[in-house]
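Peer 1:
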Amino acid sequence: MNPGLNGTALAVLVLLFAVVAVLGFWASRWRRPASMNSLDEWGLGGRSFGTWVTWFLLGGDLYTAYTFIAVPAAMYGAGAVSGFFAVPYTIVLYPIIFVFMARLWSVSHRHGYVTPADFVRGRHGSRALSLAIAATGFIATMPYIALQLVGIQAVLEVVGVGGSGNWLAKDAPLFAAFLILALYTYTSGLRAPAVIAFVKDVLIYVVIIVAVIYLPARFGGWEHIFGSAEAKMAAPAAATGKPAGVFIPGAAQFWPYATLALGSAMALFMYPHSITATLSANSRNTIRRNAAILPAYSFVLGLLALLGWVAIAAGTKPVGLDGKPNAQLVIPQLFEDAFPAWFAGVAFAAVAIGALVPAAIMSIAAANTFTRNIYREWFRPNVTTEQEARVSKIASLLVKAFALVFVLLLDKQNAINFQLLGGIWILQTFPAVVFSLYTRWFHRWALLIGWAVGMAYGTIKAYNVSTPTTPHFGGSVASIEGLGELGYIALTAFVINAVVAVVLTLVFRAVKAPGGRDETVPADYFADAGDPRARKSPTALRALTTEGGESTSLRNS
């Protein structure tokens, strides 16, 4: 028996985990179609989710378990530039998606697109450009999935599970969580995280609201908390002798803070999992309603971020079972120290369940991308819809298995570094996807070369970023070419990418290079639910449920 085991918290965690596991398997019967053997049904939930289901699904997808671990940990360790930029970036994000995501939903609904690479293929008639977008999304998603498992690990470590010297006993709880996640995702598809997201979000809201009311009163009020955080940030770090962090960004941090916020906002909805959750909506207006109400999550994220500074005032010591300090454990440790064991268990369950929702969506999105844009496009162009769904289900299992191996065999910092690199990469798909929603002016070869230049620049620049403990890929901020200011590497790479695409488009148009066939027409970008021209899924029946509760059944051919 581990002497540090918090039995009550573990029991609550296991109980709530079991409840959501049951819900995950039950989800296969929720709004059950005649057949789940298509990517429309298994991978997009039949494109049938209304405003509130989509709101919970997107919230569960975008505000991940690792968000709830990493943002306050960054505030605790390095301050506002590293941590609090996540709050304005999620606020900037929603006007961006209000503008373009409805158009992507419409054209995807009209042509049956499942992934952003599908759209790029149809818009530009370019297999190479489509492959570049698909491969970038697939690779960038992998470390994101791994970080969800890191979030579960953090909770298990604080609760006292995993202290055994036997590797099997140590990692058995993570294996169990992985197995449950794999099985219910395989059977229920996107319906599983849609159902579980309700439980996850209710738990998150309850836990954070209780924490921001109770904890400040216990630890001296906000004035004392901010004072403690300011003192810690100003104190010199042992490794560098410089201030440990930034309490309020000064002039030197304006560019890093602003570019991180803007670049991250532009990048987030380029990830396949964000687009998958969006395309599951039942109408373009559902997307716009969600852009209006999703900022409620940003409010909660702001409160959560401040808990990193509450932990400073509370004197929280985030130390792992190996005896080494680990800032990623600060929020679980704060809850274990400050709350009764049963409520700490609820908080731990919120984080663990918060990992299951995005991990499921991410694995589904990655699997859909592989199946539709690599397997079908390059290896089996005549694959049936049933075979396509089967391959995607298997691919989702392999994706999660890879993430599990990644977490177990590599240092957690590697997962963080690769996720930062993934953010740089995924923003390079923005021109091909978003620009193409509004214009066909850009040449497909110019977009491909611009993507390649942006990828190369961003990767090399990130490789050269070092810290006292990380020789390469030590961060995502570096000097901006021509300005001399520090800024987000992804945004600089994006600007270079876009400039190359513009210049080369002029060149290719001047020499009359073939531009490829565009299978879309202007009206496609305004199509809505019930459009008779929409390419139907080959399943027998799809139910599209409107906000008023009415149901329109579309018989598929």
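Under this note's numbering, think of the first position of the sequence shown as 564, with each following residue one higher. In this text, a Cβ means the ideal position worked out from N, Cα and C, and glycines have one as well.
#1: Spatial neighbours of T1083 within its chain, please: C-beta separation below 8 Å, excluding the five flanking residues on both sides.
#2: Might you give, ordered along the chain, the residues of its own chain that have their beta carbon closer than 6 Å to the beta carbon of Y1020, omitting 5 neighbours on each side?
#3: Could you tell me which residues DSSP pairs with V655 in its beta bridges?
#4: Is it buried or exposed, P1095, if we count other Cβ atoms within 10 angstroms and call 16 or more buried?
#5: Just the C-alpha distance for M829 and G985, rounded to the nearest angstrom, thanks.
#6: Mind reading off the beta-carbon distance from Q711 to A840? Whole number of angstroms is fine, and I expect it under 8 Å.
#7: If you draw a straight line from the alpha carbon of L568 to that of V724, how long is it in whole angstroms?
#8: How many angstroms separate the CA atom of A821 from the CA atom of F648?
#9: Leaving out the 5 sequence neighbours to the left and right, which residues in its chain are closer than 8 Å to L621 when beta-carbon positions are compared?
#10: Considering only their Cβ atoms, is the gap separating V650 from G808 smaller than 8 Å?
#11: On the criterion of 16 or more Cβ atoms from any shown chain inside 10 Å, does S1029 qualify as buried, or is it exposed?
#12: Look at I987 and I1052 and say whether their C-beta atoms are less than 8 Å apart.
#13: What's the gap between the Cα of Y1088 and the Cα of V677?
#14: Quick one: measure Cβ to Cβ for T704 and M925, integer angstroms, because I've assumed they're closer than 8 Å.
#15: Express the C-alpha separation of V644 and Q816 in angstroms, rounding to a whole number.
#16: Are the CB atoms of P635 and G646 nearer to each other than 8 Å?
#17: Grab me the residues of A584's own chain with a C-beta within less than 7 Å of its C-beta, minus the 5 sequence neighbours each way, in chain order.
#18: CB-CB under 7 Å to A774, same chain, minus the five flanking residues each way: which ones, in chain order?
#19: From this set, P812, A978, E951 and G608, which residue's C-alpha is nearest A757's C-alpha?
#20: Measuring alpha carbon to alpha carbon, tell me which residue in A876, Y639 and E604 is nearest I927.
#21: Does the Cβ-Cβ distance between Q982 and A717 come in under 8 Å?
#22: Do the region 997-1012 and the region 1067-1074 make contact, defined as three or more Cβ pairs closer than 8 Å?
#23: In its own chain, which residues sit with a C-beta less than 7 Å from the C-beta of F993, not counting the 5 before and 5 after it?
#24: W818 to A697, Cα distance in whole Å?
#25: Determine the DSSP secondary structure at R1105, reduced to helix, strand or coil.
#26: Just checking T841 against the ligand ADP - is the residue's beta carbon closer than 7 Å to any of the ligand's heavy atoms?
#27: Quick check on the burial criterion: 16 or more other C-beta atoms within 10 angstroms. Buried or exposed for I811?
#28: Give the straight-line distance between the Cα atoms of S959 and V893, rounded to the nearest whole angstrom.
#29: Hey, V909 and V1016: beta-carbon distance below 8 Å or not?
#30: With distances taken Cα to Cα, identify the nearest neighbour of I1023 among A876, G1013, F682 and S1039.
#31: Under a three-way DSSP split, which group does S601 fall into?
#32: Please report the straight-line C-alpha distance between R1080 and P835, rounded to a whole angstrom.
#33: Determine the burial state of R610: buried for a count of at least 16 other Cβ atoms within 10 Å of its Cβ, exposed for fewer.
#34: Determine the extent of the alpha helix (DSSP H) in which V677 is found, giving its start and end residues.
#35: Does DSSP classify G1093 as helix, strand or coil?
#36: Does V1084 come out as helix, strand or coil in the three-state DSSP assignment?
Peer 2: In short, the structure shows the following:
#1: V670, R673, H674, G685 and R686
#2: A1056 and I1059
#3: None, per the DSSP bridge assignment.
#4: exposed
#5: 13 Å
#6: The Cβ separation is near 15 Å, so there is no contact.
#7: The straight-line gap from Cα to Cα measures roughly 7 Å.
#8: 8 Å
#9: The beta carbon of L621 sits closer than 8 Å to those of S837, A840, T841, N853 and L857, all from its chain and outside the five residues before and after it, given in chain order.
#10: In this structure, V650 does not lie closer than 8 Å to G808 by Cβ.
#11: exposed
#12: yes
#13: 15 Å
#14: 5 Å
#15: 7 Å
#16: Contact flag set, yes.
#17: I743 and Y747
#18: For A774, where only same-chain residues beyond five positions count, the Cβ hits under 7 Å are L870.
#19: G608
#20: Checked all of A876, Y639 and E604; the closest Cα to I927 is E604.
#21: no
#22: yes
#23: M829, M833 and F1057
#24: 31 Å
#25: Low confidence applies to R1105: its pLDDT is 35, below 50, so where it sits in the model is not reliable, and the reading given next is rough at best. It is a strand residue.
#26: With respect to small molecules bound, the structure shown includes none, and the ligand ADP cannot be examined in it.
#27: Flag for I811 reads exposed.
#28: 31 Å
#29: no
#30: S1039
#31: Shown here, S601 sits in coil according to DSSP, grouped into three states, outside any helix or strand.
#32: 24 Å
#33: Classification of R610: buried, given that the 10 Å Cβ count is 16 or more.
#34: From DSSP, V677 is part of no alpha helix (DSSP H); its letter is neither H nor E.
#35: In this structure, G1093 counts as coil in the three-state DSSP scheme.
#36: Look at V1084 here: in three-state DSSP terms it is coil, with no helix or strand label.
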